[in-house]
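Take a look at the structure below.
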Amino acid sequence: MKHVLEGSHAVSEAVRLAKVQVMSAYPITPQTHIVEALSEYCSDGTMNARFLCVESEHSAMAAVIGASSAGVRTFTATSSQGLALMHELLHWTSAARLPIVMAEVNRALAPGWNIWMDQTDSLAQRDTGWIQLYCEDGQEVFDTTLQAYRLAETVNLPVMVVLDAFFLSHTFEPVDIPDQKLVDRFLPPFSPRIALDTSDPFAMGQMAPPNVYMEMRYDIQKAMEQVPDIFAKVEEEFMEIFGRTYGMMEKIFCDDAKIILIITGTAASTCRKVISDLRSQGEKVGMIKLKMFRPFPTDLIRKHLIQAQKIAVIDRNFSFGASGIFAQEIRAALYNNHVHPPVFGYITGLGGRDVTPEILTEIYWNTKNSIVPENESMWVGLTDG
Amino acid sequence: MTTDSKYAEKISLFISRSNISTEINKTGTWRYVRPKYHEKTAPCSAACPAGEDIARIEMLLYQGRYQDAVETILLENPFPSICGRVCFHPCEAVCNRAGFDDSVAIHALERFIGDIAIRDELTLKLKKFPENGKSVCIVGAGPSGLAAGYFLSLLGYTCDIYEARSEPGGILRWGIPRYRLPDDVVASEIERIKKTGVKIICNTPVTQDFLENAKKRYHAIFIGCGHGRSLKMNIPGENMAVDGLEFLNLLCKGNVVSSNGTAAVIGGGNTAIDVARSLVRLGTTTTLVYRRRKQDMPAFKAEVEMAEKEGVRIVELYSPLKISEDNGEYILSLQKMKTSGMVTDRDRARVVPDGQSTQHLRFHKIIVAIGAEPSAPWQFPSRKNDETLYLSHCTFTVSDPPVLFGGDLTNTVKSVTDAVASGKQAAMSLDVFLKEGRHIIKDRLNSCLVGNGPALSMECYLEKKRWVRNPHIVSYSDINLDYFSQTLRVESESLAINKRMNSFDEIEKTFTIIQAMEETRRCFNCGICNACDNCRIFCPEIAVILKGAKRQINLDYCKGCGICVFECPRSAMDLEEEL
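Residue numbers (numbering that gives the first Met the number 0), protein chains in the order written: chain U, 0 to 384; chain S, 0 to 578.
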């Protein structure tokens, strides 16, 4: 049944239906609404779960690490500074192979205090071993949260479900919330492959000397490499039950496109409109909405981009001293390919600034009218001063 | 599910995991400070003249261990039911809980335990010391004499208490009115003392001759006869006034039935208040006349407040000049007084006549209760002997045999609980004297102080559990308040004011078991381990081990992080540096 829901609460509803057993979180705008609803579900008995109140995000992650090690389904959520504070434990989670699911609301980092949309916080965690899935709207973030549990619990890796601050977290949209029975069909109870047991005690995560450490890391990568296939299977089953599918990336008008725009998150919706307008003007333009960032879908990128003459990547993030992070990754994916069209990197919409149809249109024309990129990164919409 | 597990099987899960114990890693080697279970002193127990182990008593009560709670009290005070009713409870004034919400109703809980002990005939199961063949003559079966007899008999002495009146109890029986202390409570607690072997010989007034004779027959004498003679005002017409102690005495005998009309009570001590409140109950319109200010009255503050609530009018800063008779009534002439700076004498204001201002009040009856003094010279300790020990609650004169003075004869604060303290101190010092000699008395008593004293603990004297307790008095800042939530103090039910007017029924009711449980759980149990288990739950190294009911630190693994000490809500643990 469809409900008009805030993006944050779409996540909360998915967590409720996933029958998560232990949650822990520390409030931070714009994430707070997610765990606020969940803490109420825990206290009023809607959920049969424990909500652990902690004094920081570092402790929140530590708490769910403990719970997950004991073999229960867990959830946490954070944003920006909170995610940065968790950093140490993000590495721990993946290396301990714990299937924790976290909602991460993209928000800019301080100083210059800013609570608005910016992707640098989650992208800065790209090397921590977490699967990262970026969402466009309320329905997608609900569906992705449910899928995240299936994925995480199959590959024993943590999943970050990423959503835009305010543009998604605080926007009300109609979201289809299925019955518990249907969700149960899709997502059975968690049966951990390994879990602490007081009646058969053992230790986890202790010393790994040089003779084994490297193999452990290789193992994480092997699991990551399985993710695209398993995600496809998970989506297939999801489609069967719920009739919706997203893909690791979605391509629109790409088959004959000369220029392809690559975009993520809620700005993808704006982009859909822009390219449809440009198409009606006879422009051979296509777009790719990138959903999965880790593992990076290199094969798909190669497959879908090689016929394009130019690629424009829209980054709402920046790696200082280098370039936009999505652009970097796409360049890297294409470099060892036999053909690699030029990649135009555009930086826009940092710290919550709107990414308007005009900006996207300008990006398209700039790409079309340039033979090669003028710079590694082109900052769009900067004002003087 | 099946698809997932099929895929999951292909995913290798190579993580560090070990079924070998991590016990090989003796984290105790990192430690430079070590936690230690070290119980401390609760402020209430240090403030209690009888040194009762209140924090522990409340814990035992909350745990439903009535027998243990009763025994813990009875080791320090033979009168829980009486003191729970009449003690001015200095314990509650220093209760750490007062800083948080409200002090614990310790007196009401003591009374509850005392009444349970009477109801269920619970007694001290302490293995009595074998009779040592030594006998003590005790003069006066008031609270100090009874306490001395009780404690001495526990220590193996044969005690004979000589009492002038027909029944034992002294002030308990013949002074304190029934609305504060019913007869049966007094009788029951005295009966329990008798069962320890103390012999009470009534109708035997002690005279100097009797005493001289007794000195030949006994190994020691304890004199706790109290103040038998009322102080005089030395004003004209004084003989027309009734003596306050005598009035209470008659009342307790049942010889005063009603007293209509008006009465003046002169004085500001507890006896004056008892007289005034009794008069109200007999139907008298009562005025209390005091020469200083109300706040200077030596009577316990709560008693003064109750008296006013019950309708006693207080006329302060008036000093009696004379009493004269007029038509079967009395005219009390009063001199107006004014304060003249503060003096050190218990912070009471000094007063001087305020010019020539006088007042003349008319009453049907005038009762005087301005204090009392010993009634015979032999009741004063001899001052000639250099060997005399002046202790906090008794005076020890070294002669053959030794003579000890206690109770009101020596106590600064004249209360029942101080009288108990007196009897206990006398018993302990006499025991030391007879076993080890005079020179060691002070040292031995000092080792039994509760906190910094002056209260003494019999439990410490007998070198039982409390012996090892740290004298440090737990302060409010020593309590980890995170573990407590604010709750209302439970008040006992009391008789409505209008129902007190013509009845000597007891005002306060004993707590019900539900009230007692609710109130006793409010106690912080300052400084004592109540087995809350926080230390064990929070220890990150699982180095706190439970052996039976005892907690121990496994020093092989304790890193000395101090979390257990920090999380102890009641300061029952310490962290000490290792060398």
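Heads up, the beta-carbon is just placed ideally off N, CA and C, and yes, glycines get one too.
Sheet register partners of residue i (DSSP bridge)
i	result
U:LYS309	U:ILE258
S:TYR317	S:LYS335
U:GLU378	A quick correction: the sequence has Trp, not Glu, at residue 378 of chain U. In DSSP, U:TRP378 forms a bridge with U:ILE346.
U:HIS2	U:VAL174
S:SER323	S:ILE330
U:ARG49	U:VAL21
U:GLY285	U:ILE259
S:THR285	S:ALA262
Coil, strand or helix - residue i by DSSP
i	result
S:CYS86	coil
U:THR197	coil
S:HIS359	strand
S:GLU507	strand
S:SER493	strand
S:CYS251	helix
S:GLY196	coil
S:ASP208	helix
U:SER78	strand
S:LYS214	helix
S:LYS25	coil
S:LEU444	helix
U:GLN138	helix
S:THR396	strand
Chain-ordered neighbours of residue i on chain S, where CB pairs are closer than 7 Å
i	result
U:MET291	Those do not exist, as U:MET291 stays about 17 Å from chain S at its closest Cβ, beyond 7 Å.
U:PHE201	ARG16, SER17, ASN18
U:ARG96	LEU12, ILE14
U:ASN155	ILE10, LEU12
U:ILE229	TYR6
CA-to-CA distance, residue j to residue i, given in whole angstroms
i	j	result
S:CYS82	S:HIS88	9 Å
S:ILE175	S:GLU188	15 Å
S:LEU287	S:VAL205	35 Å
S:THR396	S:ILE222	11 Å
S:MET0	U:PRO187	Per-residue confidence for S:MET0 stands at a pLDDT of 46, beneath the threshold of 50, marking its modelled position as unreliable; the derived number appears in the next sentence. If you take the alpha carbons of S:MET0 and U:PRO187, they lie about 7 Å apart.
S:ASN445	S:GLY139	27 Å
S:ILE369	S:MET336	17 Å
U:PHE185	U:ALA267	27 Å
S:ASP573	S:PRO373	49 Å
U:ILE399	S:THR486	Residue 399 of chain U cannot be examined here, being either before or after the span of chain U that is shown, 0 to 384.
S:ALA571	S:ILE527	5 Å
S:ILE19	U:GLY204	13 Å
S:LYS127	S:ASN479	40 Å
Residue i: contacting residues in chain S (beta-carbon distance under 9 Å)
i	result
U:PHE241	Within 9 Å Cβ-Cβ: nothing; U:PHE241 doesn't reach chain S, min ~16 Å.
U:GLN205	SER15, ARG16, SER17, THR21
U:ASP142	Result: empty, since nearest Cβ-Cβ is about 17 Å, beyond 9 Å.
U:MET215	PHE13, ILE14, SER15
U:ALA222	ILE10, SER11, LEU12
U:ARG149	ASP3
U:ASP255	Near U:ASP255 there are no residues of chain S at all, since even the closest Cβ is about 36 Å away, more than 9 Å.
Residue i burial status per 10 Å Cβ neighbour count (16 or more: buried)
i	result
S:PRO380	buried
U:ILE300	buried
S:HIS359	exposed
U:MET238	exposed
U:ASP178	exposed
S:ALA301	exposed
S:ALA263	buried
U:VAL10	buried
S:SER258	buried
S:TYR317	buried
S:TYR156	buried
S:MET232	buried
Proximal chain U residues relative to residue i, where beta-carbon distance stays under 8 Å
i	result
S:LYS9	GLN225
Residues that residue i contacts on chain S, provided the C-beta gap is smaller than 8 Å
i	result
U:ILE99	Chain S residues near U:ILE99: none, gap ~15 Å exceeds 8 Å.
CB contact below 8 Å: residue i versus chain C
i	result
U:ILE64	The displayed structure is made up of protein chains U and S, and chain C is not among them.
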